[in-house]
Amino acid sequence: MSGRWQLQEAKRRFSELIRTVETDDPQFVTRHGEEVAVVIDIAEYRRLRGDVRDFTEFLQGGPDFDVLEIDRPTKTARAVDFGEGV
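Residue numbers (this note's numbering): 668 to 753.
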């Protein structure tokens with residue numbers, strides 16, 4: 668079969684569609700003659716996606732603040748007059 672499947676045909680022969688994707692090129696799914704989806708092999712999907720992390724992984728993968736040496740000023744802040752008693 669060519670690399671184009673009508674939606675109803677893709678639904679009816681889904682197992683064959685998946686086998687075709689595993690051995691051949693990506694397969695396009697059409698509805699009313701318009702391409703609406705493409706089915707690709709998982710290895711190709713992962714290659715295209717790259718190293719994408721979700722937001723939680725992004726936050727957890729940040730720098731280890733325990734190893735940072737941050738010098739904080741030791742002197743106290745200046746006195747502030749809040750105008751009490753006026």
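Beta carbons: idealized from backbone N, C-alpha and C, even for Gly.
Query	Result
Quick one: Cα of serine 669 to Cα of leucine 726, how far?	44 Å
List, from N- to C-terminal side, the beta strand (DSSP E) runs of 3 residues or more that fit wholly inside the segment 712-749.	none
Just confirm the distance between the C-beta atoms of valine 706 and proline 693, as a whole number of angstroms; I'd bet it's less than 8 Å.	7 Å
DSSP three-state label for methionine 668, please.	Note that methionine 668 scores 49 on pLDDT, short of 50, meaning its location in the model is unreliable and no value can be drawn from it.
Between the C-alpha atoms of glutamine 675 and valine 688, what's the straight-line distance to the nearest angstrom?	17 Å
Relative to the C-alpha of arginine 698, which candidate in Thr690, Arg671, Ala710 and Leu735 has its C-alpha closest?	Arg671
Given that a residue counts as buried once 16 or more other Cβ atoms are within 10 Å of its Cβ, and exposed if not, what is alanine 677?	buried
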